[in-house]
Each structure stands twice: as structure tokens, then as C-alpha cells.
Amino acid sequence: PTVDLPGPLRALNQPAKKLKQARNGGSFELDRTSLMRRIERSLQRLRRERIEIFLLHLPPATIVDDEQLRDILQEAQREGKIAQFGVSTDELPTIDAIGRTWGCTVAETALNRWNGVQGVAGVARDMDIIANHAMGSPAQRRELLARESASSTPHPASPLGGRLLRHAAAVPGVKVVLAGTGDPAPP
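Residue numbers (my numbering): 0 to 186.
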């Protein structure tokens, strides 16, 4: 089942798909046959005719030089198997290079009040960003709560989790904030 998301989130009404690539001795290798087989298997498992967002998970910075991989993904796009493709990485230079070199319009990256919000806003000028890890780590949240408690400046009364999600969503270019339930933020 899918949720009917409004406005700019409409593209995510169908499941987004991440792809973890095989790493052999630190190298990043995906040949045409294995990549197309993975796309076909994902389509079958998802019972879809098209994957809306196909993300290459944790690619090396050198991915921008892999024209063969880009051509394979563009072929899958032309065939209607994927609508958009991009990367899922915390390396902002890789996101920026993929956007400029391959013309990708979507990327996923960690985005919270402790990491490069300004950098994300800089690379997001022509990309839609999917923010993950918006809650930060438990240690970061404890430290923030302790700082707020010790401060003479009043802090917002709303729960910390809600404030952290709103913070990530307010960054220019962010279209979706992913939040899981594995490690909830304290109230």
C-alpha cells in the first residue's frame, strides 16, 4: 500500500528504491547485465512497472567518471523502468558532481542540525533532496537537551523530535524527510 502524498511529494507515491552495490576490494562495479537484472527483480518484488526513484547507495566519488553506468541508467529510464535516478550518500561533493555531470535531479543524504546544512542547500540548487538521519544520534540529542536545560534562554516547548524534523524540512531543496522508529528522540 502507498500513501497519497500531496504537492512536490507526489513523485514518491510509488516506492523509492535504493540499490546497494557490490564492492570488490574497495571498487565499485556494476555491469549492464547485473544492474538490469537488479532493476527487473526490484520491479517484480515491488509489483510495479516503474521505479519512481532509483538511488545508487554509497557510491565512490569516482562514480561521475563511469559513463557506462550512467548510460545503463539512462537506458532504463528511456525504457520506462525507472523515472529518476540519483545517489544516496553523505558526501556532498559526490552529490554535487552527479548533479552537474549526469544531470541527476534527486539525491538522499543525512541532514540534521549537526551536519552541513549550508552545504546541502548549496548542492540542492538544482536537485530535490531526500533528507535522512534528521534526528541525529542519541548522544547528539542528549547533548542538545542538556545545553537547552542549562541555557537561560527559553527553548521551544515542542518535543525535540518535532523540532529536529522541522529543521531538516526547512532546508532549501529538501522535498522529503525520512524518519524511522528504531531510535526515537526523547520528548
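All C-beta atoms in this analysis are idealised placements derived from N, C-alpha and C, irrespective of residue type, glycine included.
This one's a predicted model, so the numbers in the text were calculated from it and none came from an experiment.
- L54 carries a strand assignment under DSSP once its states are collapsed to helix, strand and coil.
- When the beta-carbon positions are compared, S87 and L42 stay at least 8 Å from each other.
- The beta carbons of A60 and P92 sit about 6 Å from each other, so the pair counts as a contact at 8 Å.
- Among the bridge pairs identified by DSSP, S87 is matched with H56, E107.
- Non-local beta-carbon contacts of M126 in its own chain, meaning distances under 8 Å to residues more than five positions away in sequence, involve G85, I94, G98, C103, T104, V105, A106, G172 in chain order.
- Following the DSSP letters along the chain, one finds A130 in no alpha helix (DSSP H) but inside the beta strand (DSSP E) bounded by residues 127-131.
- By the Cβ-count criterion, T152 is exposed, with fewer than 16 other Cβ atoms from all chains shown falling within 10 Å of its own Cβ.
- Beta-bridge partners of I81 (DSSP): I50.
- If you look at L163, you'll find it in the alpha helix (DSSP H) that goes 159-168.
- In the DSSP secondary-structure assignment, V173 is bridged to I128.
- Straight-line measurement puts the Cα of R49 at about 21 Å from the Cα of D30.
- For the pair N111 and L68, the CB atoms are not nearer than the 8 Å cut-off.
- In the DSSP annotation of this structure, the continuous segment of the alpha helix (DSSP H) that includes T32 starts and ends at 31-45.
- Ranked by Cα distance from E74, the options L34, L159, R46 are led by L34.
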